[in-house]
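Numbering that gives the first Met the number 0 numbers the first residue of the sequence shown as 0 and each following residue consecutively. A virtual CB, placed ideally from N, CA and C, is assigned to each residue, including glycine. Nothing here was measured: the structure is a model prediction, and the numbers come from that model. The structure under discussion appears below in the form of structure tokens.
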Amino acid sequence: MNKKQNPKQKQRQNIHQKKAAAKTPLRLSEKTLRWISWLLPVAMVAIVGIVLVSYENDLLHRVQELNLFLYTSLFFKQKLVLVGGFLTYLGTYFTQFFYHPTLGVAMLCAWWLLMVFVIKKAFQIPEKWTVALLVPLSLAILINADLGYWIYYLKQHGHFFNVPIATTVAVALAWLYRLLPEKFFLRTIFIVVVVAVGYPLFGFYALFAALLMAILAWRLDDYKPLRSGIDTAVALVAIAVVPVVYYWTIYNQTNIVNIYNTGLPFFKKDKLYFAYYIPFILLFASLVAMAFFYRKNRDSEVKKPTKWAFSQVVLLAVIVASVWHFWYKDENFHTELSMYRSAVSQQWEDILTTYREHDAAPSRTMWMMKNLALSRLGRQGDEMYRYRNGDTPPNAPFIARMTQCGGRFIYFNYGLVNYCYRWCMEDGVELGWRVEHLIFMLKSSLLNGEMDVAKKYVDLLKKTKYYAEMGEKYEAYIANPKLIEKDPELSVISHLMPPVNDITSDQSLIEIFLINHFAHHYSDDPIFQEQAMLFAMQTKDIKTFWSQFYNYGPSLGRKHMPTHLQEAAYLYGHLEKDVEIGHMPFDKEVIDNYNNFMATAQQFKSLPEPELKKLMYDRFGGTFYYDYFFTRGQHSF
């Protein structure tokens with residue numbers, strides 16, 4: 000019979016048990032680690048996906064407009080004419096789904112997760128170092144998130160999907176190489192096949208896959224140094240020789256200096272912008288490092304969970320902070336995208352609302368789209384100067400011209416369809432054909448009465464996924480041109496087309512060209528003449544203003560003259576006495592604002608110009624008077 004344990008002995012035993020438990024290290028189970036290993040990348044992709052849909056919705060929709068995918072065999076063959084063409088084919092295919100940004104983002108997130116999965120399996124990243132997978136993932140995200148105005152100038156289409164697709168393929172090929180049996184030199188033969196077949200399809204990424212295999216050859220347990228050396232030598236020779244062979248036999252239209260990096264985007268305009276290649280370099284370096292440190296049957300046990308968790312949190316914080324820091328967040332860029340999307344759908348009030356809610360100094364593209372919206376609403380002459388003016392240049396390391404960043408739309412909507420068509424043609428040849436080009440060239444051809452040309456673009460649009468209905472719509476216009484006169488968009492533009500259907504040089508300065516064009520053209524069409532009058536006012540040239548005014552005044556009839564035109568006429572009548580303005584019916588508000596403006600300017604003329612300018616803007620910023628005297632030296636891009 001066991002003796003009953005006394006309370007003191009029981010207390011000492013409990014203390015010993017607690018001390019023993021304290022000395023036993025806390026360890027995470029393999030199941031817990033496996034959950035964590037997938038939770039981090041999935042959470043990061045989900046967060047980025049939400050940000051893209053909510054914050055970059057307009058950007059993604061614009062990207063698919065600057066993309067083109069045709070469901071034809073000829074389109075497929077045309078893509079394969081260039082090295083890496085199959086990658087571009089896949090990239091443009093998936094990019095078209097940004098027409099519905101949420102759908103496109105879901106596909107992009109799926110590719111990112113697949114890329115992470117393949118990387119983890121190919122290099123056997125242990126669960127305890129799963130945060131390392133966020134490095135290539137974050138770099139792939141940044142390659143898209145830091146583009147900014149490059150979306151208008153990149154010649155390689157499908158950019159948003161190209162990197163995750165190609166990286167997944169390259170790493171998957173390296174994974175397959177590792178899984179192949181050692182006998183019969185299967186791995187060695189596989190290297191040659193990958194480069195020979197993969198190079199025409201994926202360009203640089205096939206060469207990179209061979210490089211990963213050359214590194215893995217030294218990390219395989221069933222390989223002796225001689226076999227490792229053979230595979231490495233074969234890989235390096237294939238990387239060096241295969242592109243040259245293809246250049247001299249099939250793909251000689253590729254510049255020989257680019258045969259090794261074809262398949263990568265070219266961040267080059269006036270010069271090469273190397274900074275945009277840094278995420279690519281770091282992405283490839285991270286994958287090389289993973290291949291170099293590959294080891295079979297890694298230990299996944301975490302013996303010190305606290306220190307491990309702290310290190311993971313620190314690394315995660317650094318990665319997230321880096322992604323957010325380098326994410327392109329320029330306010331003007333995003334506002335331009337929002338205004339453009341509203342303009343394309345003719346939501347003119349939305350454009351004005353977006354402009355009013357904009358905090359930063361606006362760009363000229365924003366100013367032009369705002370004026371266009373006011374014009375369509377019949378309020379430009381009364382409200383144009385009631386919005387903040389500005390000439391903030393595009394936030395890009397190069398000069399981003401309005402011609403590429405919305406200029407085609409502006410030209411088209413002001414009736415200069417030949418200039419719209421010309422820029423579509425030039426950019427199509429230089430930067431590659433886009434859905435936007437086909438749409439504007441179709442509409443321009445309709446307005447010019449070139450129905451055979453329009454039919455060509457209708458047939459192309461009908462071979463797209465999301466613009467086929469538009470092609471069918473305008474196909475009816477070809478059969479019945481009278482429908483153009485009834486179209487709410489095209490009918491207005493037809494009134495703004497110049498009397499002489501010609502084309503000259505615009506020097507890539509759309510705003511200045513439009514001002515000079517309308518200010519020095521005359522028409523009996525009231526819609527055209529109103530624009531001519533408004534642009535003549537913007538020249539701030541008194542003789543040009545009065546020249547258009549004499550033509551515009553009679554066309555008004557008994558209509559009320561817009562406020563800003565009254566202000567210009569009243570001001571010019573006082574600055575120069577050549578025109579008698581006493582008989583003109585000026586609004587009392589126009590006269591009072593002029594008198595108060597002049598009195599205030601005289602009263603505070605001793606103030607430094609910046610202070611005087613601010614004071615006058617606060618009181619008279621919504622008038623032509625302020626614009627005439629204080630808005631000077633603006634730049635157009």
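Three-state secondary structure (DSSP) at L73?
helix
Measuring only the C-alpha atoms, how far is K604 from D381?
28 Å
Every unbroken alpha helix (DSSP H) inside the segment 188–229 [4 residues or more]:
203–215
Just verifying my parser: in three-state terms, what is the DSSP assignment at L263?
strand
DSSP puts L271 in a beta bridge; with which residues?
K267
For W34, count neighbouring Cβ atoms within 10 angstroms of its own Cβ and tell me buried if that reaches 16, exposed if not.
exposed
Three-state secondary structure assigned by DSSP to P24
With a pLDDT of only 48 at P24, under 50, the local geometry of the prediction cannot be trusted, and no value is derived from it.
Pull up the distance between the alpha-carbon of V457 and that of L336, whole angstroms please.
26 Å
Beta carbon of N260, beta carbon of F207: below 8 Å?
Not a contact, by the Cβ cut-off of 8 Å.
So what's M440 in DSSP terms, helix, strand or just coil?
helix
Roughly how many whole angstroms lie between the Cα atoms of R195 and M212?
For the record, residue 195 in the displayed sequence is Ala; it is not Arg. Roughly 15 Å separates the two Cα atoms.
Outcome for M424 when other beta-carbon atoms lying within 10 angstroms are tallied against a minimum of 16:
exposed
Cutoff 6 Å; reference F93; Cβ partners in own chain excluding five residues on either side:
M106 and F160
Is the distance from the Cβ of G389 to the Cβ of Y339 below 8 Å?
For G389 and Y339, no; Cβs fall outside 8 Å.
With 16 as the cutoff for other CB atoms within 10 Å, does H333 come out buried or exposed?
buried
Leaving out five residues before and five after C108 in sequence, what residues of the same chain have Cβ atoms less than 8 Å from its Cβ?
For C108, where only same-chain residues beyond five positions count, the Cβ hits under 8 Å are V44, A45, V47 and G48.
Just the C-alpha distance for V243 and L282, rounded to the nearest angstrom, thanks.
The alpha-carbon separation between V243 and L282 amounts to approximately 26 Å.
Rounded separation between I438 and S504 - CA only
Each residue's alpha carbon lies about 23 Å from the other.
Taking DSSP as the reference, what is the three-state secondary structure of S554?
helix
Among P498, A308 and G427, nearest to N447 - alpha-carbon criterion:
Residue nearest to N447 within the set P498, A308 and G427 is P498 (criterion: CA-CA distance).
Taking buried to mean at least 16 other C-beta atoms within 10 Å of its own C-beta, is H473 buried or exposed?
One detail in the question is off: residue 473 reads as Tyr in this sequence, not His. Answer is buried; the Cβ neighbour count reaches 16.
Quick check: what's the CA-CA separation for P561 versus I590?
14 Å
On a Cα-Cα basis, can you pick out the residue from I492, P487 and A360 that is closest to F408?
I492
Could you tell me if G157 is buried or exposed, where buried requires 16 or more neighbouring beta carbons within 10 angstroms of its beta carbon?
buried
Output the boundary residues of the alpha helix (DSSP H) element that contains D540.
Looking at the DSSP string, D540 is not in any alpha helix (DSSP H), and its letter there is neither H nor E.
Relative to the C-alpha of L495, which candidate in M440, L172, I398 and S522 has its C-alpha closest?
S522
Contacts around F629, its chain only, beta-carbon distance under 8 Å, and the 5 residues preceding and following it disregarded
K612, M615 and Y616
In the DSSP assignment, the alpha helix (DSSP H) including Q311 goes from what residue to what residue?
P304 to F325
Buried or exposed, going by whether 16 or more other CB atoms sit within 10 Å of the CB of A399?
buried
CB F512 to CB M532, shorter than 8 Å?
no
Can you tell which of R177, Y466, F96 and H563 has the C-alpha that lies nearest to the C-alpha of S227?
R177
Between which two residues does the alpha helix (DSSP H) containing P163 stretch?
H158 to L178
Cutoff 6 Å; reference V104; Cβ partners in own chain excluding five residues on either side:
G48, L51 and V52
Considering just the uninterrupted stretch of the alpha helix (DSSP H) at A288, what are its terminal residues?
I277 to F291
Since N594 is in the alpha helix (DSSP H), which residue starts that stretch and which ends it?
K587 to Q602
Pair within 8 Å by beta-carbon distance, A209 and I238:
yes
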